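Numbering (this note's numbering), first residue to last: 281 to 525.
The following block contains the structure:
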């Protein structure tokens, strides 16, 4: 949907229209094809290794599990997911990615094989999740940051520490942007990052819907300002190069 020009109003519209628009996204030809290929690949896989070697399976699995960043590193993701989450020295624990660890524990391929992943409820959850993620991503094209805003509103209550902010890409983006903390803080030590964020927030506040809503609104306004600044910069560059031509 086109933006109203007010990102906070866009958020409210997205929330009220979510059921209808996600259903519409499911009918999108590319989305339907991705899901069909996922189910076909999963059905013919006889081992976790074969399932995770199928790019069609990994595309839906990683996207719906908030692990899209690993789509370009499928071998690493597969190796981590196949490792034992209960072993402290396993790859999935060494990588220190909370979402990756959560997925590894959910499917526990090392112990359960494909039984959990092939369960009909799991398949439905993954395909529905994949469709919802694609819908959210489509919102970003008209309203920058709207996808993260929706995800943050759904998961903010689960934040129980500063590391719960820094360790999740959605929480990190929303909270740091809303508080005006540069994302470049990632180049500092973890202790320095924890101090910078911990001094600006009270973890208990994430249980307060009003606080979470206000933080989300600030994030969306900041994202709009960044987008407008970037757009103005691009326009000035095009104008200047036109003058030089």
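All residues carry an ideal CB built from backbone N, CA and C; glycine is no exception. Bear in mind that the values here come from a model prediction, so they are computed numbers and not experimental data.
Assess, as a yes-or-no matter, whether the region 303-314 is touched by the region 373-393 under the definition of 3 or more beta carbon pairs within less than 8 angstroms. no
Between residue 398 and chain C, is the shortest Cβ-Cβ distance under 8 angstroms, so that the two count as touching? Of the protein chains in this structure there is only one, and it is not chain C.
Quick one: what does DSSP say residue 518 is sitting in, helix, strand or coil? For the purposes of this step, residue 518 is identified with residue 238 of the chain shown, where counting begins at 1. Residue placement at residue 518 is poorly supported in this model, since its pLDDT is 47, which falls under 50; the coordinates still yield a value, given next. The answer is helix: DSSP assigns residue 518 an H, G or I state.
Which residues in the same chain have their Cβ closer than 7 angstroms to the Cβ of residue 350, if we skip the five residues on either side of it in sequence? By one-based count along the chain shown, residue 350 stands at place 70. The answer, listed in chain order, is 342, 356 and 357.
With residue 397 and residue 387 assumed to form a contact (beta carbons below 8 angstroms), what rounded beta-carbon distance in angstroms separates them? The count along the chain shown starts at 1 and reaches residue 397 at position 117. The count along the chain shown starts at 1 and reaches residue 387 at position 107. Sure, about 5 angstroms apart at Cβ, within 8 angstroms.
I'd like the span of the alpha helix (DSSP H) that includes residue 424, first residue to last. Counting from one through the chain shown, the residue named residue 424 turns up at place 144. Counting along the chain, residue 424 falls outside any alpha helix (DSSP H), and DSSP gives it neither H nor E.
Tell me, please, whether the region 421-439 touches the region 493-502 by the rule of three or more beta-carbon pairs shorter than 8 angstroms. yes
Applying the 10 Å Cβ sphere with the 16-neighbour rule, what's the burial state of residue 285? Start at 1 with the first residue of the chain shown, and residue 285 comes out as number 5. Exposed.
What do you get for residue 412, buried or exposed, if any count of 16 or more other CB atoms within 10 angstroms of its CB means buried? As a position in the chain shown, residue 412 is number 132, starting the count at 1. That one is buried.
May I have the straight-line CA-CA distance separating residue 510 from residue 422, to the nearest angstrom? As a first step, residue 510 must be located in the chain shown, where it is residue number 230. As a first step, residue 422 must be located in the chain shown, where it is residue number 142. C-alpha separation (whole angstroms): 15 angstroms.
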